[in-house]
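In this note's numbering, the protein residues as written are 54 to 130.
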């Protein structure tokens, strides 16, 4: 499926993996990654796009390609 925005891809991947925002916060804490509740909420709602290091972390948790998550590169889901 073609998702046009970062937020659409993030939400689709979260739904596919059955993950919620709190799951990312727990994983970030374990990995010593600075990720706040409000940051995650902004990514999910489409108010912000993460910096590359956070996008790489999100992609890792979601088990998706970071280029697909950030830019929608075809065939990388």
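Even glycine gets a Cβ: it sits at the ideal position worked out from N, Cα and C.
Is the beta carbon of residue i sitting closer than 8 Å to the one on residue j?
{"i": "residue 63", "j": "residue 122", "result": "yes"}
{"i": "residue 68", "j": "residue 93", "result": "no"}
{"i": "residue 72", "j": "residue 81", "result": "no"}
Looking only at its chain, what residues have a beta carbon closer than 8 Å to the beta carbon of residue i, apart from the 5 residues adjacent to it on each side?
{"i": "residue 57", "result": "125"}
{"i": "residue 84", "result": "110"}
{"i": "residue 76", "result": "114"}
{"i": "residue 97", "result": "60, 63, 64, 67 and 74"}
Taking the alpha helix (DSSP H) that residue i belongs to, which residues open and close that run?
{"i": "residue 88", "result": "Taken as a continuous stretch (DSSP letters only), residue 88 belongs to no alpha helix (DSSP H), as it is neither H nor E."}
{"i": "residue 115", "result": "105-115"}
{"i": "residue 73", "result": "Per DSSP, residue 73 belongs to no alpha helix (DSSP H) and is neither H nor E."}
Skipping 5 residues on each side, what residues in its chain have a beta carbon closer than 7 Å to that of residue i?
{"i": "residue 112", "result": "118, 119 and 122"}
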